[in-house]
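Numbering (the numbering used here), first residue to last: 5 to 221.
Even glycine gets a Cβ: it sits at the ideal position worked out from N, Cα and C.
The structure appears right after this line, and notes come after that.
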């Protein structure tokens, strides 16, 4: 290409930095619900039903962005909260977006809201998706920092199928890539945060979001 119209290119650039190839990831949104109980703010959590993805784990309400239904990622967070917890839209007061959390293969868009629910015990949640709900005083997280662990993340150019056959995901030799990429590489370390409240384990993505929002309070 001998000529490039850089003015046109500049016009096409996003106003704010975007995640390149974001559509290749699992794009999800979650709502971080603050509720007031006896003049004390709590965070509202759900324990996922055993028969769904990541069953039995503690999370905030949320789910995958559905381009057929949702116009924005915020709409995803609100829709999923209504579906999972049965909370009326009028009782969800959006404060703003906390940020974007990325883990391998997943993008999580987190939004903060104050939810007017009164007594959490009266929430009519969807039992096909949620086993139970519970709240944790924000003061607990302020006074109890999470435990911190580390895991190693590796890139694997192949896998072994059920019959013991090696399946190449990246044909290193055929593509004439450096031989070092013919075996797992990387070993990047990632922090994993864990909270334990009355026997309920809050960890991973959810704990990372809790940690961040509590830092801002």
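According to DSSP, which residues form a beta bridge with residue i?
{"i": "residue 52", "result": "134"}
{"i": "residue 99", "result": "According to DSSP, residue 99 bridges with nothing at all."}
{"i": "residue 215", "result": "According to DSSP, which records beta bridges pairwise, residue 215 is partnered with nothing at all."}
{"i": "residue 148", "result": "None, per the DSSP bridge assignment."}
{"i": "residue 154", "result": "195"}
{"i": "residue 204", "result": "201"}
{"i": "residue 44", "result": "41"}
{"i": "residue 63", "result": "50"}
{"i": "residue 104", "result": "113"}
{"i": "residue 139", "result": "48"}
Kindly indicate which residue of the options has the alpha-carbon position closest to the one of residue i.
{"i": "residue 218", "options": "23, 27, 46", "result": "46"}
{"i": "residue 112", "options": "194, 162, 67", "result": "67"}
{"i": "residue 220", "options": "63, 61, 99, 95", "result": "99"}
{"i": "residue 222", "options": "53, 34, 87, 92", "result": "With the chain covering 5 to 221 only, the question about residue 222 has no answer from this structure."}
{"i": "residue 117", "options": "146, 79, 147, 107", "result": "79"}
{"i": "residue 185", "options": "193, 191, 174, 194", "result": "174"}
{"i": "residue 124", "options": "37, 195, 153, 115", "result": "37"}
{"i": "residue 26", "options": "109, 95, 9, 86", "result": "109"}
{"i": "residue 86", "options": "63, 201, 72, 130", "result": "130"}
{"i": "residue 132", "options": "55, 212, 168", "result": "55"}
{"i": "residue 139", "options": "39, 21, 31", "result": "39"}
{"i": "residue 106", "options": "159, 30, 137, 179", "result": "30"}
{"i": "residue 115", "options": "103, 160, 41", "result": "103"}
{"i": "residue 216", "options": "50, 192, 119, 142", "result": "142"}
{"i": "residue 146", "options": "8, 52, 211, 42", "result": "211"}
Ends of the alpha helix (DSSP H) at residue i?
{"i": "residue 177", "result": "176-179"}
{"i": "residue 113", "result": "It is not in any alpha helix (DSSP H) - residue 113 instead sits in the beta strand (DSSP E) that spans 110-119."}
{"i": "residue 83", "result": "77-89"}
{"i": "residue 129", "result": "No alpha helix (DSSP H) contains residue 129, which DSSP labels as neither H nor E."}
{"i": "residue 15", "result": "10-16"}
Starting from residue i and walking both ways along the beta strand (DSSP E), at which residues does that stretch end?
{"i": "residue 32", "result": "30-41"}
{"i": "residue 170", "result": "170-172"}
{"i": "residue 68", "result": "66-68"}
{"i": "residue 163", "result": "162-164"}
- Item | Three or more C-beta pairs below 8 Å linking the stretch 148-166 and the stretch 190-207 | yes
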